[in-house]
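Engineer:
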Amino acid sequence: MSDAILKINDLKVNYGGIEAVKGISFDVPEGEIITLIGANGAGKSSTLRAIAGLVKPAGGSIVFNGEDLTGKDPTTIVTRGITLVPEGRKIFPDLTVLENLKIGAYLRNDDLEEDLKWVYDLFPRLKERSWQEGGTLSGGEQQMLAVGRALMSRPKVIMMDEPSLGLAPIVVRGIFDIIKEINKQGVTVLLIEQNANMALKTAHSGYVLETGRITMSGPGAELLTNEQVKAAYLGA
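Quick note on this note's numbering: the sequence shown kicks off at -8 and runs consecutively.
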């Protein structure tokens, strides 16, 4: 296992009086795909939102490349090299594909051509539709656009919140192939996903969240064969 690029220690997230995340700790090794699985309300999205700077943690620390980023604003988080592909994609429907991609690079002031080519190589469909408005794309194409937009900031770590949500099975397979390809090209991936089967098949390691706590962890292949995981999340 390589060194951890991202270290989460005793992270707590509260919404009012509700404890969404109750002191979780995990490492994200550089160059790997790590997945968090669990039921709705387990604290998965709250964890990503805290790392992305969208909510302030109630306790604990978020350390990235040796720097404490706990409670920093989203702009700082992105400039350091962490981006989030949000649940529901959140693209700009009235802007073209190209305009959406350029928004992903809004903190950069250098030439974007090389990165646009990279995104278009990953997603040829986006190149074909570069002048089409985002809102006219299919669900799968919008997910590709959301991922491509995140990649335009040149992240070291890309976090994905439910990338398969609402997509047809054949499209889901394509999205997970892309996740593996992005990882192969050097981007570390932190993935949360309702489709536990696909997530664990794709990830190097996984963590199971239940009501704000980590209850199990291990290599993805190992968790796939765990009887408790199979019963709770794999429909077995």
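Ideal placement from N, C-alpha and C gives every residue a C-beta, glycine not left out.
1. Whose CA, out of 173, 122, 158 and 141, lies closest to the CA of residue 129?
2. Residue 81 and residue 137 look like a contact to me (Cβ under 8 Å); what is the Cβ gap, rounded to whole Å?
3. Considering Cα atoms alone, identify which of 187, 37 and 127 is closest to residue 155.
4. Check whether the Cβ atoms of residue 181 and residue 151 lie closer than 9 Å to each other.
5. Report, in whole angstroms, the separation of the C-beta atoms of residue 107 and residue 92, which I expect to be a contact under 8 Å.
6. Ends of the beta strand (DSSP E) at residue 50?
7. Taking 9 Å as the threshold (beta carbon to beta carbon), is residue 134 in contact with chain D?
8. Just list the residues that DSSP pairs residue 179 with in beta bridges.
9. Run through DSSP, which three-state label would residue 95 get?
10. How would you call residue 126, buried or exposed, if buried means at least 16 neighbouring beta carbons within 10 angstroms?
11. Pick helix, strand or coil for residue 215, following the three-state DSSP scheme.
12. Rounded to whole angstroms, what is the Cα-Cα separation between residue 162 and residue 139?
13. List the residues that DSSP assigns as beta-bridge partners of residue -3.
14. What does DSSP give as the partner residues of residue 74 in its beta bridges?
Structural biologist: Looking at the coordinates:
1. The residue with the shortest Cα to Cα distance from residue 129 is 158.
2. Indeed they touch by this definition, with Cβ atoms about 7 Å apart.
3. Among 187, 37 and 127, the Cα nearest to that of residue 155 belongs to 187.
4. In contact: residue 181 and residue 151 (Cβ atoms closer than 9 Å).
5. Their Cβ separation, rounded to whole angstroms, is 6 Å, which keeps residue 107 and residue 92 in contact under 8 Å.
6. Unbroken beta strand (DSSP E) run through residue 50: 50 to 55.
7. You won't find chain D in this structure, because it holds only one protein chain.
8. Residue 179 pairs with 148.
9. The answer is coil: DSSP assigns residue 95 none of H, G, I, E or B.
10. Exposed is the label assigned to residue 126, since fewer than 16 other Cβ atoms lie within 10 Å of its Cβ.
11. Secondary structure at residue 215: helix, using DSSP grouped into helix, strand and coil.
12. The alpha-carbon atoms of residue 162 and residue 139 are separated by roughly 16 Å.
13. Per DSSP, 19 and 55.
14. According to DSSP, residue 74 bridges with 149.
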